[in-house]
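Numbering of the sequence shown is given in our numbering, commencing with residue 8 and proceeding in unit increments. Notes for the one structure printed next.
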Amino acid sequence: MTGFSVAWGIFMLILLLGSGNGLQHGMENNFRGTAKNALWIWSRQTQVSYEGLQAGRRIQFTNEDYNHLVNMFYDDISNISGRFRLWGSGTVTYKDQYGDYDLEGVRPEFQHIQIVDMLQGRYLNQMDMNEHRKVAILSLPVKKALFRDEDPIGKYIRISKVPFMVVGIFENPERRDDEKIYIPVNTAQRVFNGSNQLSELAISTNALTVAENKRIEEAVRTTLMKRHRVAPDDKQAIGIWNTLEHFKQAQGVFSGIRLFVWVIGIMTIIAGIVGVSNIMIILVKERTKEIGIRKAIGATPWSVIRLVLSESVFITSVSGFLGLVFGMGLLSAVSMVLQTVAENSPNVENIFYNPTANVSVVVSALVVLIVAGLIAGFVPARKAAGIKPIEALHDE
Numbered sequence: 008m009t010g011f012s013v014a015w016g017i018f019m020l021i022l023l024l025g026s027g028n029g030l031q032h033g034m035e036n037n038f039r040g041t042a043k044n045a046l047w048i049w050s051r052q053t054q055v056s057y058e059g060l061q062a063g064r065r066i067q068f069t070n071e072d073y074n075h076l077v078n079m080f081y082d083d084i085s086n087i088s089g090r091f092r093l094w095g096s097g098t099v100t101y102k103d104q105y106g107d108y109d110l111e112g113v114r115p116e117f118q119h120i121q122i123v124d125m126l127q128g129r130y131l132n133q134m135d136m137n138e139h140r141k142v143a144i145l146s147l148p149v150k151k152a153l154f155r156d157e158d159p160i161g162k163y164i165r166i167s168k169v170p171f172m173v174v175g176i177f178e179n180p181e182r183r184d185d186e187k188i189y190i191p192v193n194t195a196q197r198v199f200n201g202s203n204q205l206s207e208l209a210i211s212t213n214a215l216t217v218a219e220n221k222r223i224e225e226a227v228r229t230t231l232m233k234r235h236r237v238a239p240d241d242k243q244a245i246g247i248w249n250t251l252e253h254f255k256q257a258q259g260v261f262s263g264i265r266l267f268v269w270v271i272g273i274m275t276i277i278a279g280i281v282g283v284s285n286i287m288i289i290l291v292k293e294r295t296k297e298i299g300i301r302k303a304i305g306a307t308p309w310s311v312i313r314l315v316l317s318e319s320v321f322i323t324s325v326s327g328f329l330g331l332v333f334g335m336g337l338l339s340a341v342s343m344v345l346q347t348v349a350e351n352s353p354n355v356e357n358i359f360y361n362p363t364a365n366v367s368v369v370v371s372a373l374v375v376l377i378v379a380g381l382i383a384g385f386v387p388a389r390k391a392a393g394i395k396p397i398e399a400l401h402d403e
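This is the structure:
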């Protein structure tokens, strides 16, 4: 039973560490497809009348907003892109295959803000922008739906009957089931009568801290509010999502979870160590006559101490090792099951994924447990070594 309590302590520590890491990996996967220091900016309706303009006015971003931010925040911004969403732009077709997919016009810099994995071909580039090329990159689900097993690179799809050449296939590591098509933003504006309008602005900053990213966020908001004549206290007119702020908040939550996991795990191990100490005391008491006989025939105090400590180390090491093996084995099995499930349900990865425990941390905990077992067994060992043979032989 003492060995079981020690094994259970290590087993539970591994499960708790693995569960905490699985939740953290799932949280981090939610940010995997986005730059950690990004600002996503979208327009809303004004809530307050200002400078003769009525409340309820819809803010509309334009290419001039993009150019103004590029020039004004040159030192603070690493990448910026306008985003032109095409709602109801028409059916996308290739030969006899067709479907309705999310269509967005973006700039080449967008790949450093909304991060994707290029599986074939290339991303949009500056030449596409300069020449207003009708090119497109498709997400993997769109490629599978339209082209099946056919190589799509260099082939033409039709978007609202307008031909676009496919130059790349990508996968969003955050949302693998995304059915999305990217085309150059200025081509989208020209072909689909978008004039100079933008649906959103996306920025990745040079900030390293939440405070710095927040400063840039407020400066960008103030600039856009002035350009569109929005009241200074009308914070609802322009929405901004600060990914660094939310990422750090999530990390803080998981730091607290990790601390809680370690406290529970350590307390469980301590319970096992106390159990080892108690069982050693009981064993010494039950074997008083045996120890007395050993000493009567010449056993030294050190040999008696070594006898008790060896039993203590044996219990903690073997039991702890078994707990480690079963714990790591269970985590590996759960991880494989999750990988299989994620192939059909990719969103699982954003909740709980890859529940691993650091092997070096677990082995260190096992070593500490063995050392603690030595210490726990030392008190009863000292007691056993101090037994006088004559008293031990008369013990009942």
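Where is the CB? At the ideal position from N, CA and C, for every residue including glycine. Note that this is a predicted model, so its numbers are computed, not measured.
Spatial neighbours of residue i in its chain, beta-carbon cut-off 6 Å, leaving aside the 5 residues before and after
i      : result
Trp248 : Trp47
Arg165 : Thr100
Classification of residue i by the beta-carbon crowding that lies within 10 angstroms, buried from 16 upward
i      : result
His139 : exposed
Met287 : buried
Thr53  : buried
Leu266 : exposed
Glu224 : buried
Asn285 : exposed
Met232 : buried
Secondary structure of residue i, DSSP reduced to three states
i      : result
Val237 : coil
Val315 : helix
Val142 : strand
Lys242 : coil
Val173 : strand
Pro362 : coil
Asp124 : strand
Leu30  : helix
Ser371 : helix
Gly201 : coil
Gln256 : helix
Gly112 : strand
Which listed residue (the options) has its alpha carbon closest to that of residue i
i      : options                           : result
Ile322 : Ala379, Met335, Ser167 and Thr275 : Ala379
Gly4   : Ala278, Ala392, Phe171 and Thr347 : Nothing can be reported for residue 4: it is not among the residues displayed for the chain, which extend from 8 to 403.
Tyr105 : Ala152, Gly63 and Ile358          : Ala152
Asp241 : Gln256, Leu60, Val55 and Thr347   : Val55
Leu337 : Ser26, Gly10 and Phe11            : Ser26
Glu207 : Phe117, Ile188, Asn285 and Val123 : Phe117
Tyr108 : Glu186, Ser167 and Ala42          : Glu186
Ala349 : Gly33, Gly10, Leu23 and Ala14     : Gly33
Gly334 : Met8, Val13 and Thr9              : Val13
Sequence-distant residues of its chain with Cβ nearer than 7 Å to residue i (five each side left out)
i      : result
Asp135 : Val142 and Pro191
Met79  : Thr230
Lys221 : Asn249 and Glu252
Asn36  : Glu181, Glu356, Asn357 and Tyr360
Neighbourhood of residue i by C-beta, 8 Å cutoff - its chain only, sequence neighbours within 5 removed
i      : result
Ile176 : Met125, Leu126, Gln127, Gly128, Ile144, Leu145, Ser146, Leu147, Lys150, Pro159 and Ile160
Asn203 : Thr69, Asn70, Glu71 and Gln196
Val320 : Ile377, Gly380, Leu381 and Gly384
Below 8 Å, can you find three or more Cβ-Cβ pairs linking the region 81-92 to the region 198-217? yes
Hey, is the region 181-190 in contact with the region 56-67, meaning 3+ C-beta pairs nearer than 8 Å? The region 181-190 is not in contact with the region 56-67.
Cβ contact (3+ pairs, closer than 8 Å) linking the region 288-306 and the region 356-371: no
Does the region 215-230 come into contact with the region 252-261, if we say contact requires no fewer than three beta-carbon pairs (one atom in each stretch) closer than 8 Å? With a cut-off of 8 Å, the region 252-261 and the region 215-230 count as touching, because enough Cβ pairs lie within range.
Three Cβ pairs or more, each shorter than 8 Å: is that satisfied between the region 324-331 and the region 11-26? yes
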